[in-house]
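Working notes, beginning with the structure itself.
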Amino acid sequence: MRVFVTGASGHIGLPVVRELLAAGHTVFGLARSEASAQTIASAGGEVRRGTLDDLDGLREAAKAADGVIHLAFKHDLALVTGDFMGAVTADLRAVEAIGEALVGSGKPFVNTTGTMLLAHSVRGRIGTEEDVGQTGGNPRVASETLSLGFAERGVRASIMRLAPTVHSSLDHHGFLPMIVAAARKNGFSAYVGEGAARWPAAHTLDAARLYRLALESAPAGARVHAAAEEGVPFRAIAEAVGQGLGVPAKSIALEQAAEIFGGFLGMITQLDNPTSSARTRELLGWKPTHANLLADIAEGHYFARASEVSR
Ligand SMILES: NC(=O)c1ccc[n+]([C@@H]2O[C@H](COP(=O)([O-])OP(=O)(O)OC[C@H]3O[C@@H](n4cnc5c(N)ncnc54)[C@H](OP(=O)(O)O)[C@@H]3O)[C@@H](O)[C@H]2O)c1
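If you count by the numbering used here, then the sequence shown holds residues 335 to 645, one letter each, in order.
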């Protein structure tokens with residue numbers, strides 16, 4: 335297939351490009367800067383210059399493709415300037431433009447959200463692919479609803495719900511580097527209360543493979559879970575980070591979380607989000623093979639480059 339990938343220069347997008355090329359697909363990736371264009375080209379992908387706000391460009395690219403994977407998100411807006419809703423609104427416009435361009439084509443369109451959108455709607459049990467987020471809860475639920483709506487209009491639309499910790503040595507500014515940066519700054523590695531909140535996890539390369547599998551064969555309307563591990567207690571994550579930095583792990587009160595972790599991260603560290611990927615594995619034959627979260631943290635790469643965190 336000739337695949338259009340947004341976010342192709344990103345932490346997860348670039349391995350997705352490599353995974354697609356290795357499987358014999360051709361790829362053209364959205365690049366908003368010369369640096370991003372070079373990143374995509376160096377992986378062997380073709381470059382489509384443009385931004386998430388260039389809706390005509392997105393429509394044109396989607397029409398020219400045999401399938402679309404959408405990973406771009408305005409993290410700079412959401413996490414640096416704090417305008418999360420602005421980033422969500424831009425995402426919705428982009429999803430609508432891509433989806434409309436694909437109506438009636440039967441082509442695959444894999445959109446991205448996160449398992450965390452189940453944290454409020456699923457309580458006291460493990461979330462599954464059948465579950466949906468609460469309307470009015472996590473704002474990214476709307477992106478899921480919008481893109482899956484295209485499944486009823488002749489698009490093979492599916493959703494990739496990523497675990498909040500997609501981890502590897504390629505992860506330079508996800509939540510884990512932010513947790514490491516907070517521990518470095520505070521001189522201790524924090525967890526809220528007992529640290530019992532469970533966070534699912536997936537290695538970047540396992541997630542990249544799942545994107546290819548979803549593109550190739552997820553049926554219209556599928557919700558796919560990139561959760562290689564169902565849930566790692568946040569206390570275990572904090573302790574592994576503490577060990578890596580040589581600082582103690584310490585319990586904090588919920589009210590301290592915003593100050594200790596910083597705004598966005600402070601809002602989610604206490605969220606319990608155990609998530610199953612049983613149906614995903616059965617549906618797509620996904621078998622994660624790379625290091626689990628704690629083993630990956632123990633490899634040390636997160637501590638060698640924590641100073642790179644930019645948000
Ligand atoms: N990482 C995780 O653990 C995780 C967990 C749950 C969900 N997610 C979601 O997964 C997706 C990919 O995450 P990631 O970790 O790969 O993020 P990332 O490394 O920050 O990559 C984001 C990508 O989006 C592009 N982008 C940002 N703003 C853009 C704009 N205005 N126009 C065009 N492109 C733009 C970036 O381009 P530049 O290279 O030019 O910056 C980059 O290619 C996002 O939707 C994210 O929210 C990630």
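Don't be surprised by glycine CBs; every beta carbon is placed ideally from N, CA and C.
Problem - Cα-Cα separation, A516 to V526 - result: 14 Å
Handout entry: beta strand (DSSP E) runs wholly inside the stretch 583-643, at least 3 long, in chain order
Key = 583-586
Exercise for the section: May I ask you to check if the CB of V558 is nearer than 7 Å to at least one heavy atom of ligand 1? Expected result: no
Handout entry: N- and C-terminal bounds of the alpha helix (DSSP H) containing S551
Key = 538-551
Practice task
Please name the residue in P534, K584, E564, R366 whose C-alpha comes closest to that of F522.
Solution key: K584
Problem - Cutoff 6 Å; reference L544; Cβ partners in own chain excluding five residues on either side - result: A560, W620
Exercise for the section: Compute every distance between the C-beta of L599 and the non-hydrogen atoms of ligand 1, then say whether any falls below 7 Å. Expected result: no
Exercise for the section: Report the rounded CA-to-CA distance for S367 versus T385, giving the unit in angstroms. Expected result: 9 Å
Exercise for the section: Whole angstroms is fine: what's the gap from E642's alpha carbon to L617's? Expected result: Confidence is the limiting factor: at E642 the pLDDT is only 48, short of 50, which leaves the residue's position unreliable and the question unanswerable from this model.
Exercise for the section: Have a look at E430 and V337 and give me their C-alpha separation to the nearest angstrom. Expected result: 18 Å
Handout entry: Completely contained beta strand (DSSP E) runs for the stretch 407-474, where each covers 3 or more residues
Key = 442-448
Handout entry: Among F407, L482, I460, nearest to R613 - alpha-carbon criterion
Key = I460
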